[in-house]
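For reference, the structure discussed in these notes is given below.
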Amino acid sequence: MRHSIILLLLAVAVSFTVRADAYGYLRFVQADGTETALAADGLKITFDTEGVASVTHADGTATFGLDALKSLVFSDDGENVTPGVEPVTYKKGDVNADGEVTSADLAIVVNILAGLDDAANYEGRADVNGDNDVTAADIAAIVNILAGIDGEE
Amino acid sequence: MALGSAYAQQTMWVHQGQVHYAYTTSQLDTMPVVDATSLTVLGKTFELAQVDSINVTSEEVADNAIGVSYAGDKAQVVVSGNIATHIEATVKGAHVAVLQDGDVATEYTYTLSGTSTNGSFYQDGSYKITLRLNGLTLTNPDSAAINIRDGKRIAIELVEGTTTTLVDGANGPQKAAFMVNGHSEFKSGGALVISGNTKHGFWGDEYVELKKTVGSITVNKAVKDGMSINQYLEMKGGTITISGVGDDGIQVDLTDDETDELNGQVIISGGTINVAVTAAAAKGINAEGEITISGGSITATTSGGGTWDSDESKTKACAGIKGDKTIDISGGTLNLTSTGAGGKGISLDGVLTVSGGDITIKTSGNRYTYGGGNSSDYRSSPKGIKCDADININGGNIKVTTTGNYGEGIESKAILTINDGTVEVNSYDDGINSKSDMNINGGFVFVNASNNDGIDSNHDLNIDGGVVVTYGASQPECGLDAADDDRSNPGYVHITGGTLVAVGGGTSYPRAFTGHTLQPVFIYSGSVSQNTSLALNDASGNNVWAFTQLRSYTSGGGWAPGGPGGGGPGGGSQTIVISSPKITSGSTYTLYTGATIKSGATAFHGLYYQGDAVQSNGTSVGSKAATTPYTTISSSGGGWNW
Chain A
619 MRHSIILLLL AVAVSFTVRA DAYGYLRFVQ ADGTETALAA DGLKITFDTE GVASVTHADG
679 TATFGLDALK SLVFSDDGEN VTPGVEPVTY KKGDVNADGE VTSADLAIVV NILAGLDDAA
739 NYEGRADVNG DNDVTAADIA AIVNILAGID GEE
Chain B
451 MALGSAYAQQ TMWVHQGQVH YAYTTSQLDT MPVVDATSLT VLGKTFELAQ VDSINVTSEE
511 VADNAIGVSY AGDKAQVVVS GNIATHIEAT VKGAHVAVLQ DGDVATEYTY TLSGTSTNGS
571 FYQDGSYKIT LRLNGLTLTN PDSAAINIRD GKRIAIELVE GTTTTLVDGA NGPQKAAFMV
631 NGHSEFKSGG ALVISGNTKH GFWGDEYVEL KKTVGSITVN KAVKDGMSIN QYLEMKGGTI
691 TISGVGDDGI QVDLTDDETD ELNGQVIISG GTINVAVTAA AAKGINAEGE ITISGGSITA
751 TTSGGGTWDS DESKTKACAG IKGDKTIDIS GGTLNLTSTG AGGKGISLDG VLTVSGGDIT
811 IKTSGNRYTY GGGNSSDYRS SPKGIKCDAD ININGGNIKV TTTGNYGEGI ESKAILTIND
871 GTVEVNSYDD GINSKSDMNI NGGFVFVNAS NNDGIDSNHD LNIDGGVVVT YGASQPECGL
931 DAADDDRSNP GYVHITGGTL VAVGGGTSYP RAFTGHTLQP VFIYSGSVSQ NTSLALNDAS
991 GNNVWAFTQL RSYTSGGGWA PGGPGGGGPG GGSQTIVISS PKITSGSTYT LYTGATIKSG
1051 ATAFHGLYYQ GDAVQSNGTS VGSKAATTPY TTISSSGGGW NW
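Residue numbers (my numbering), protein chains in the order written: chain A, 619 to 771; chain B, 451 to 1092.
Structure below.
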């Protein structure tokens, strides 16, 4: 059936408006404030007769009781939220999350740009200027922070 | 698949049985779970108990689209997420119904593909749509294969390079295998093949347009009409082929609303129509409104005989093209053939106007007679063109051949006027016939009637211009015949211009024409063999008129079927009417037979209308001064003076 659906998509896909964004996560938001972020690509949800949603995703499986589930939302924020637990925040430019902005953070961004490291290892912290990309501008941002020109959490 | 973007695509699917909703994730807001039983996505509420699964893929989907794919006894429907809230899709096996709600204000595109021998597609809505037929093969044994109830504009795209085949079931309630309630606009170069097993092949409740880009529409079977259309048919391109039908090829009816535009009309400016009908009294193209043809090519063949219409208490017969109102032909190519009894090429109730185009008509059937009735209501004669109103020929080329008995070439039940163009008729019965006046003011007219008059007016016959060659049969039939023997409503031949020759057993003799200046006419009675040339020279020996008689008049003469009573000499003699603007009243002219024509002289069916055509004169048969209305230059061996 999947093959026929793909063929059907070939028939359906004509030149109408198509957005080009892809989200990293589907967040399962529960009534008590708990939010669970699961990798979106390849995710699948099924519903049983007992009111349970079973989710298979890139990192494994998860289940949610429908009576506790409030909503679903796509997001690039992969951080889970546990009620009563303060979310951890990092300084802007603190790529290695050691609590400080140092040349070590600068070296990480340089290595990412050189292809020697992966931005995914740093949970978005390598995107210093918040433009959803890791570029030389992020190096410049760290340099400014080290020079005392900029810096925030 | 349209992968035109450098960015990743992402789609969230909600699967409900054979219906799949595809949401582009970037369009999604928060999706609330309500009462642990439902999930709302972009305004559409899904009962989770009916959801098979939800999954996320990196495929791209288009907005505003519904795709239906048939595979045997199942069909899968994909609905773009951005329109899902406006769509209700129901699938049972391979039978699909899609309803658009009344809030739709954007055109959706439906794409149908795949194959099923037990499936259908039904759609309803109140906004225009595009229906893409993408190589679909669909048979519905119970009803229509496709039934579009949406009453708006339906753009039907025949996807380039594909063939879609639609078949319905027999003895069903449907009007056709392919039904469209709204107005159909066909486009794109694919092919569509339809078989109608209950009634029509295609039925359109509103107008049908074929765009220039359209490929082909074929109806290879229908119990009734190939295409049955309300309002109008407009064809700018493409090919329509119709055969294997039980009634008309293309039928266009008036709607109930008189204000509907182009109501009942057929308008053809391009494309090709090939239609063959076999039923009794069937029509190739039948319109309740006006017919306008300015381009394209139409080939219509009818082979059925006549029939008795008990509702109207009259006979009916086949016609290649039938119009209840006017027909206007200014271009295009028409080839119309009728072989059955009473069959006609063109039959119409209103005025026929021809100003361009090439029209070729052949009828070979005999007269159709119903029962033992003697009135005309019980008979239907074959005719090339039969018109209940005026005929106006202002251009174009018309060729008519009728070979069955009582087959007339061109008939008007009112006034027939030829101003220009070329008309060539070979007929069994009268070649060109009018119930009222006939006026020839220009053009080229050739008639060869094997068993009756060449040109027959039932009132006045006025020739004021043009080039006319007309042959009637032997006595008592005429090359030119007006109603000069009708005491109740007499009419006469008036010749005021033109270059003509009329050959027959007899003739109606020209009369004075009040308010008009007559052109001199010579009338020769004698025996002229086939391929013998006549020459008329002035006193200085200049040739002003020449003619080579191309028809043979054998000895014995005889009456044409249905001809007047009375006897007359036969012996192969003819009465030949001669006139030309080069003939001056009062001047003396000599007529010769056995002339030799100059090589390269220009002739129209043997009439050298430009003059100066003679190489050598032959034998003189007499000299006379030209007078009006006519001068008999010789009267040897026969011919009747009416």
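The beta-carbon is built from N, C-alpha and C at its ideal position, and this holds for glycine as well.
For clarity, every value in this text was computed on a predicted model and none was experimentally measured.
Collapsing the DSSP output to three states places asparagine 713/B in coil. Taking 7 Å as the threshold, the shortest C-beta distance from valine 483/B to chain A falls below it. Against chain B, the CB of phenylalanine 665/A has a partner CB under 7 Å away; the residue lies at that interface. Taking a Cβ-Cβ cut-off of 7 Å, the neighbours of tyrosine 641/A in chain B comprise Gln460, Thr475, given in sequence order. Minimum Cα-Cα distance from threonine 1078/B among the listed residues Gly493/B, His536/B, Val1027/B corresponds to Val1027/B. One alpha carbon belongs to asparagine 750/A, the other to aspartate 694/A, and they sit about 10 Å apart. In this structure the segment 646 to 656 of chain B lies against the segment 675 to 685 of chain B, because at least three pairs of beta carbons, one per stretch, are closer than 8 Å. Taken atom to atom, the span from the alpha-carbon of isoleucine 760/A to that of aspartate 639/A is near 28 Å. DSSP, reduced to helix, strand and coil, places alanine 1053/B outside both helices and strands of the structure shown, so it counts as coil.
Linking alanine 525/B to glycine 770/B through their CA atoms gives a straight-line distance of about 42 Å. For isoleucine 835/B, the uninterrupted beta strand (DSSP E) run begins and ends at 833 to 837, by DSSP.
By the Cβ-count criterion, arginine 961/B is buried, with 16 or more other Cβ atoms from all chains shown falling within 10 Å of its own Cβ.
Here DSSP, grouped into helix, strand and coil, assigns leucine 968/B to coil. Nearest neighbour of isoleucine 777/B by Cα position, chosen from Ser830/B, Ile717/B, His966/B, turns out to be Ile717/B. DSSP, reduced to helix, strand and coil, places threonine 1025/B within a strand of the structure shown.
Secondary-structure assignment with DSSP links phenylalanine 963/B through no beta bridge to anything.
Annotation: leucine 684/A is outside any beta strand (DSSP E) and is labelled neither H nor E by DSSP. The three-state reading of DSSP puts valine 719/A in coil, since its state is none of H, G, I, E or B. Residue-level contact check: leucine 498/B touches chain A, since one or more beta carbons of chain A fall below 7 Å from its beta carbon. In this structure, DSSP gives aspartate 808/B an extended state, which the three-state scheme calls strand.
Glutamate 635/B and aspartate 799/B have their alpha carbons spaced roughly 29 Å apart. For valine 873/B, the uninterrupted beta strand (DSSP E) run begins and ends at 866 to 877, by DSSP.
One thing to note: glycine 941/B has its Cβ no nearer than 7 Å to the Cβ of glycine 904/B. Close partners of aspartate 685/A in chain B (Cβ separation under 8 Å): Ala486. Contact with chain B is found for serine 689/A, since one of that chain's Cβ atoms lies less than 7 Å from the residue's Cβ.
Annotation: the continuous beta strand (DSSP E) that includes isoleucine 604/B extends over 603 to 608. Leucine 724/A carries a helical assignment under DSSP once its states are collapsed to helix, strand and coil.
By the C-beta density criterion, histidine 1055/B is buried, having at least 16 other C-beta atoms within 10 angstroms. Within the segment 523 to 576 of chain B, the complete beta strand (DSSP E) runs of at least 3 residues fall at 524 to 530, 537 to 542, 544 to 550, 558 to 566, 569 to 574. Distance between glycine 619/B and serine 508/B, taken at the CA atoms: about 41 Å. Glycine 640/B is positioned such that its CB atom lies no closer than 7 Å to that of valine 617/B. For alanine 521/B, the enclosing beta strand (DSSP E) stretches over residues 515 to 521. Going by DSSP, valine 761/A is part of the alpha helix (DSSP H) stretching over 754 to 764. In the three-state DSSP reduction, serine 476/B falls in the helix class (H, G or I). Nearest Cα to leucine 642/B within the set Asn631/B, Thr615/B, Phe652/B, His650/B: Thr615/B.
Within chain B, the residues whose beta carbon sits less than 8 Å from that of alanine 658/A are Gln460, Thr475, Val506, listed in sequence order.
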